[in-house]
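*Asks:*
Numbering (the numbering used here), first residue to last: 34 to 355.
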């Protein structure tokens with residue numbers, strides 16, 4: 034029997050799939066820059082889980098998305114003075130180069146937000162029709178307080194969460210806790226037609242819609258970094274379960290730790306302290322990077338230390354020689 038730690042119940046549980054195949058969704062990257070070793074950590078951990086489940090006799094359908102429309106992409110396109118589509122294509126290609134170099138198997142399906150827009154709009158419409166969401170000046174917001182168990186993943190109450198809610202305090206909302214499902218169009222930004230006017234989706238709704246489309250309304254495993262527990266995964270649970278009525282949306286939630294650098298900071302593109310995968314692969318083999326990552330428990334926050342990767346490289350040489 035396989036046991037997995039479930040972030041939702043905070044316990045180890047015997048893993049029994051809902052059906053004949055394991056339906057696994059892994060939150061992917063926002064494509065506005067090269068992938069760093071923090072992305073490698075998550076990619077490798079859930080690649081190993083995918084391979085191990087297959088080794089144990091399970092059929093696995095793994096979905097890992099690309100967020101290819103986002104404020105960070107728009108800002109990068111303006112900084113580089115190129116169309117935003119050029120940014121997304123450049124860094125999707127870069128991501129593939131990185132994970133191929135790390136010997137990470139590609140997912141069964143790798144959807145993009147821009148390719149699944151009809152499903153995203155359709156899911157938002159379901160939430161509006163069901164009373165879980167409302168329109169304000171062409172934007173759509175989810176009614177957080179209508180979900181009685183909101184906060185069950187992160188273990189916080191709504192008022193405590195507001196400080197971390199990405200500053201979504203737009204005027205006109207019924208409640209400061211409510212989050213955007215659809216954003217009304219702004220000048221010089223990508224837009225799509227919708228029943229509420231031109232705009233683009235909020236960050237959270239995209240993963241629910243792509244999971245629904247490619248895996249169904251209930252899935253076995255939802256995975257991602259610890260930094261996604263709130264608000265992203267908390268909001269995914271709320272909107273998914275409100276739309277479908279199926280509880281739980283994901284049977285098991287798994288979260289990997291965050292890579293730290295020498296001063297204890299988390300590695301992040303937004304913090305400008307990232308060591309990208311391409312540079313790492315110029316210095317170390319993919320096997321050494323994988324071994325270095327897998328030497329730590331996946332829910333811990335490992336320290337980025339090139340000496341430790343170098344030690345893993347020496348270990349791999351000894352293994353090959355043996």
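Note that beta-carbon positions come from the ideal geometry of N, C-alpha and C, so glycine has one too. On a predicted model such as this, the values are computed, not experimentally measured, just so you know.
Assuming residue 349 and residue 321 make a contact with CB atoms under 8 Å, what is their CB distance in whole Å?
*Replies:* Along the chain shown, one-based indexing puts residue 349 at 316. Along the chain shown, one-based indexing puts residue 321 at 288. Contact flag correct, Cβ pair sits at about 5 Å.
*Asks:* For the beta strand (DSSP E) containing residue 214, name the first residue and the last one.
*Replies:* Position 181 of the chain shown, counted from the first residue, corresponds to residue 214. Note, residue 214: beta strand (DSSP E), 212 to 217.
*Asks:* Could you check what DSSP says for residue 111 in three-state terms: helix, strand or coil?
*Replies:* Translated into the one-based positions of the chain shown, residue 111 becomes position 78. Helix at residue 111.
*Asks:* Rounded C-beta distance between residue 317 and residue 346? I'm assuming under 8 Å.
*Replies:* Within the chain shown, residue 317 is the residue found at index 284, counting from 1. Within the chain shown, residue 346 is the residue found at index 313, counting from 1. The pair is a contact, with the Cβ atoms about 6 Å apart (cut-off 8 Å).
*Asks:* Hey, out of 332, 206, 309, whose CA is closest to residue 259's CA?
*Replies:* Position 226 of the chain shown holds residue 259. When only C-alpha atoms are compared, the closest one is 332.
*Asks:* Give me the Cα-Cα distance between residue 191 and residue 343, rounded to the nearest whole angstrom.
*Replies:* Numbered from its first residue, the chain shown carries residue 191 at position 158. Numbered from its first residue, the chain shown carries residue 343 at position 310. Distance between the alpha carbons of residue 191 and residue 343 is about 45 Å.
*Asks:* Three or more C-beta pairs under 8 Å: does that hold for the region 104 to 121 against the region 74 to 85?
*Replies:* With the cut-off at 8 Å, the region 104 to 121 and the region 74 to 85 do not touch.
*Asks:* Please classify residue 200: is it buried, with 16 or more other beta-carbons within 10 angstroms of its beta-carbon, or exposed?
*Replies:* Indexing the chain shown from 1 puts residue 200 at position 167. Note on residue 200: pLDDT 49, under 50, position unreliable in the model; the coordinate value appears next. Result: exposed.
*Asks:* I need the DSSP call for residue 279, collapsed to helix, strand or coil.
*Replies:* By one-based count along the chain shown, residue 279 stands at place 246. Residue 279 falls in the coil class under three-state DSSP.
*Asks:* Roughly how many whole angstroms lie between the Cα atoms of residue 45 and residue 286?
*Replies:* What you label residue 45 is simply residue 12 of the chain shown in a count that begins at 1. What you label residue 286 is simply residue 253 of the chain shown in a count that begins at 1. Residue 45 and residue 286: Cα-Cα distance of roughly 11 Å.
*Asks:* Closest to residue 138 by CA distance: which of 167, 89, 83 is it?
*Replies:* Translated into the one-based positions of the chain shown, residue 138 becomes position 105. The residue with the shortest Cα to Cα distance from residue 138 is 83.
*Asks:* Which value, in whole angstroms, describes the spacing of the CA atoms of residue 337 and residue 181?
*Replies:* The sequence position of residue 337 within the chain shown is 304, counting from 1. The sequence position of residue 181 within the chain shown is 148, counting from 1. Cα-Cα distance, rounded: 40 Å.
*Asks:* Given a threshold of 16 other Cβ atoms within 10 Å of its Cβ, counted over all protein chains shown, does residue 51 qualify as buried or as exposed?
*Replies:* Working through the chain shown from its first residue, we reach residue 51 at position 18. Classification of residue 51: exposed, given that the 10 Å Cβ count is below 16.
*Asks:* Mapping the DSSP letters down to three states, classify residue 347 as helix, strand or coil.
*Replies:* In the chain shown, the residue the question calls residue 347 occupies position 314. Helix.
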